[in-house]
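What follows is a short report on a single structure.
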Amino acid sequence: MGIKGKLIASIEVKCGGHSIHDILHTRTQQIPNITPSKILSFEFQEGEAVEVGSVVCWKYNDDGKPKIVKQVIEAIDPQTKSITWKVIGGELLEFYNSFTIITSCDPQWTTWTFLYEKKLKKPQSLLVCWVLPLM
1 MGIKGKLIAS
11 IEVKCGGHSI
21 HDILHTRTQQ
31 IPNITPSKIL
41 SFEFQEGEAV
51 EVGSVVCWKY
61 NDDGKPKIVK
71 QVIEAIDPQT
81 KSITWKVIGG
91 ELLEFYNSFT
101 IITSCDPQWT
111 TWTFLYEKKL
121 KKPQSLLVCW
131 VLPLM
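Okay, structure coming up:
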């Protein structure tokens, strides 16, 4: 059993948190067009929309290396505009026993919460990959 951790980043967004939630929830396939140097592709492996039980696969650039993450959508809360993405495959699981990302949005802020049980290191490079391009 590894060491459990939690990393939270909140970013003030000029476009409004509802816009970020809309992109993550209903226009997810457009994210590679928005941040092509970081997010290389997105596809549904099970399901056709971001909904509970859907399985998605992302190809992303982490420190100059292309990587893959496969996730299942565990929860969606329309009131808090949050989505819970549990990692079920890809390179992340080489370093973490478990890894869950919770995105939530309010009118001015978008918050990314990483819940993990680490084998080796903290996930700061992922924060740079996923969160900073939205600023």
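full-length UniProt numbering numbers the first residue of the sequence shown as 1 and each following residue consecutively. Built from N, CA and C at the ideal position, the CB exists for glycine as well. Note that the structure is predicted; figures quoted are calculated from it, not measured.
- Judged by DSSP in its simplified three-state form, Asp77 adopts strand.
- Listed in chain order, the alpha helix (DSSP H) runs fully inside the UniProt domain "Bet v I/Major latex protein" (2-134) are 17-25, 31-34, 92-95, 124-130, counting runs of at least 4 residues.
- Using a Cβ distance threshold of 9 angstroms, Ser41 and Lys59 count as a contacting pair.
- Pro107 has its alpha-carbon roughly 5 angstroms from the corresponding atom of Gly16.
- Measuring C-alpha to C-alpha distances from Ser10 to each of Glu117, Val55, Lys86, Ser104 identifies Ser104 as the nearest.
- The C-alpha of Thr35 lies about 32 angstroms from the C-alpha of Ile3.
- Val50 is positioned such that its CB atom lies no closer than 9 angstroms to that of Ile68.
- If you draw a 10 Å sphere on the C-beta of Lys81, you find 16 or more other C-beta atoms in it, and that means buried.
- Approximately 7 angstroms separates the beta-carbon atoms of Val56 and Gln45; this is inside 8 angstroms, confirming the contact.
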